[in-house]
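Working notes, structure below.
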Amino acid sequence: MIPIRSGDLRRRITLQSRDLTVDAYGGQATTWSDVATVWAAIEPSGGRELLSAQAMQIDQPVTVTMRWQSIFDDPKAVAAMRFVYRGRYFNIHGVANESERDRVLTLIASEGLNKG
């Protein structure tokens with residue numbers, strides 16, 4: 016495992032969890048709550064073009080590396096989150112606790128087609 020250097024974590028991201036609430040008409044509404052704001056490294060990891068509603072959309076996957084925290088102990092809960100970086104929304108698709116040593120957390124995420 017390669018240690019994380021503080022200088023590599025230059026991006027400030029906010030992780031958010033999805034909450035379902037009841038709206039004024041009795042229907043479900045999705046809201047997002049901030050869970051944590053952390054320093055992270057964001058690196059592009061490829062991309063693809065998708066055709067949606069007769070318009071070309073770009074799906075740009077990224078790999079996010081950050082320090083592990085106990086609030087990220089459940090990978091399924093983290094995978095259900097999204098993160099915000101500079102007003103851009105990223106859907107989290109996968110989570111890895113590097114070597115299960117509770118030091119480095121790696122997220123696979125993508126931006127683009129929706130806001131979480």
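FYI, my numbering numbers position 103 of the sequence shown as 118, with every residue one higher than the one before it.
Quick reminder that beta carbons are idealized off the backbone N, C-alpha and C, glycines included.
The structure displayed is predicted, hence computed values, not measured ones.
Strand pairing of residue i, partner residues [DSSP]
{"i": "W47", "result": "R33"}
{"i": "Y100", "result": "R103"}
{"i": "E11", "result": "Nothing about residue 11 can be read from this structure; the chain reaches only from 16 to 131."}
{"i": "A124", "result": "V77, I107"}
{"i": "P59", "result": "V77"}
{"i": "W54", "result": "R27"}
{"i": "R82", "result": "V119"}
Whether residue i touches residue j by CB criterion (7 Å)
{"i": "L35", "j": "F87", "result": "no"}
{"i": "A55", "j": "I19", "result": "no"}
{"i": "R134", "j": "E126", "result": "The question about residue 134 has no answer, for the chain in this structure spans 16 to 131."}
{"i": "A92", "j": "F105", "result": "no"}
{"i": "A94", "j": "V110", "result": "yes"}
Among the options, nearest to residue i - alpha-carbon criterion
{"i": "D23", "options": "R97, E58, Y100", "result": "E58"}
{"i": "Q43", "options": "V93, R33, A51, T52", "result": "R33"}
{"i": "T80", "options": "E113, V37, A95", "result": "E113"}
{"i": "V53", "options": "R116, G109, F98", "result": "F98"}
{"i": "T46", "options": "P90, M96, Y40", "result": "M96"}
Distance between beta carbons of residue j and residue i, contact taken as under 8 Å
{"i": "W83", "j": "D117", "result": "5 Å"}
{"i": "Q31", "j": "D49", "result": "6 Å"}
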